[in-house]
Each structure stands twice: as C-alpha cells, then as structure tokens.
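Just so we're aligned: the sequence shown equals residues 1 to 148 in UniProt numbering. Glycine included, each C-beta is placed from N, C-alpha and C at the ideal position. Quick caveat, the model's predicted, so the values are computed rather than measured.
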Amino acid sequence: MNLLTVVLSMISRILVPMDDSEMAQQALEYALENHPEAEITVLHVEGGPSLMGGAATALALEEDPEAAAEEHSKAVFEDARELAAEYDVDITTEVQMGHPAREILNRADDFDAIVLGSHSGSLVDRLIVGNVAQKVVRQSPIPVIVAR
Numbered sequence: 001m002n003l004l005t006v007v008l009s010m011i012s013r014i015l016v017p018m019d020d021s022e023m024a025q026q027a028l029e030y031a032l033e034n035h036p037e038a039e040i041t042v043l044h045v046e047g048g049p050s051l052m053g054g055a056a057t058a059l060a061l062e063e064d065p066e067a068a069a070e071e072h073s074k075a076v077f078e079d080a081r082e083l084a085a086e087y088d089v090d091i092t093t094e095v096q097m098g099h100p101a102r103e104i105l106n107r108a109d110d111f112d113a114i115v116l117g118s119h120s121g122s123l124v125d126r127l128i129v130g131n132v133a134q135k136v137v138r139q140s141p142i143p144v145i146v147a148r
C-alpha cells in the first residue's frame, strides 16, 4: 500500500467549496465517488470581491446580509443535495461571507481534506480575484484535491 492510498483512506471529513460552476459540481462528484463514507460539508462563500465590488457591495447594502447570503446560496445547495442524493449520501451545507480563499482556509482545520474545482467564475473574476484553487493549494494546512 503506497502513502497516497493510506492518506486517502484516512479521510473522514471533507470540505467541498462550491459555487454554481461545473467544476464545483465535478469536485463534489469526485468526493462522493471516492470517499463514500466521509462526512461531506459543502461550503458556499458569498460576497467575494469581483469587478467593481459586485457581490460584496450588493450584500453590504442588504438590510440583513446573512439572510441575503443564505438566499443566494439556495440554488448551489439544491444542486449539491441533488447530486449527493444520486450517491445516497447526506451532506452538510454552510454559508460564509467574505473572500472565498480566505473563508475556505479559515474552515480547513475542521476537516481532513479539501476537494475543490480547478477554477470557477468568469475570466474577468479570475483575473481580478485571483485563482481561489491556487491560493488554497498553496496555503492549506490540510491535503487539497483539485478536481478537473
């Protein structure tokens, strides 16, 4: 048994950051297929920086930013639950507000691994915000699996 096999078999709690991208769906599918016994938490981060403030500004102007973030996350979580149901797996969902890479890294210590898509969002968002996956891989205190 090689070291990678040993490490992968020790994963019991997985964080899967998701947005509404196809790559995020693939990351969740990877986690469900390869770690069927693991506890999976889907994390959606609202209010990250974008061109001209975008989502962050919109949330800041809401009367109840937390409730608005929850509302914006519903579609992502519905898709995630539908996919998990295909594998007969229950998932936990969580919403955070802030910069995606920072919020993912803030939650990392509570998990054994992070599974995320290689990229998401528009080209403009990736150029301005930077590649979230790249930041998480570089700074994570736990193993990161990048699904493509």
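Span separating the alpha-carbon of E22 from that of D90 | For the purposes of this step, residue 22 is identified with residue 22 of the sequence shown, where counting begins at 1. For the purposes of this step, residue 90 is identified with residue 90 of the sequence shown, where counting begins at 1. So the two alpha carbons sit approximately 20 angstroms from each other.
What's the gap between the Cα of D79 and the Cα of A31?
-> Locating residue 79 in the sequence shown gives position 79, counting from the first residue. Locating residue 31 in the sequence shown gives position 31, counting from the first residue. Straight-line Cα distance between these residues: approximately 15 angstroms.
Spatial neighbours of L83 within its chain, please: CB distance less than 8 angstroms, with the 5 preceding and 5 following residues excluded, ordered by chain position.
-> Residue mapping note: residue 83 aligns to position 83 of the sequence shown, counting from 1. Same-chain partners within the cutoff: Q25, L28, E29 and L32.
Measure the CB-CB distance between I76 and H99 and report whether it falls below 9 angstroms.
-> Taking the sequence shown and counting its residues from 1, the one referred to as residue 76 is at position 76. Taking the sequence shown and counting its residues from 1, the one referred to as residue 99 is at position 99. This sequence places Val at residue 76; Ile is not what is there. Not in contact: V76 and H99 (Cβ atoms no closer than 9 angstroms).
Sheet register partners of M23 (DSSP bridge) | Counted from its first residue, the sequence shown places residue 23 at position 23. DSSP lists no partner for M23.
Determine which residues share a DSSP beta bridge with Q96 and list them.
-> Translated into positions along the sequence shown, residue 96 becomes position 96. Beta-bridge pairing links Q96 to V45.
Let me know if E71 comes out buried or exposed under the rule of 16 or more other beta-carbons within 10 Å of its beta-carbon.
-> Residue numbering aside, residue 71 sits at position 71 when the sequence shown is read from its first letter. By the 10 Å Cβ count, E71 comes out exposed.
Alpha helix (DSSP H) containing V137: first to last residue?
-> Working through the sequence shown from its first residue, we reach residue 137 at position 137. First-last of the alpha helix (DSSP H) with V137: V132 to Q139.
DSSP on T57, reduced to helix/strand/coil?
-> For this step, residue 57 is matched to residue 57 along the sequence shown. Confidence in T57 is poor, its pLDDT being 47 and thus under 50, which makes the residue's placement too unreliable to answer from.
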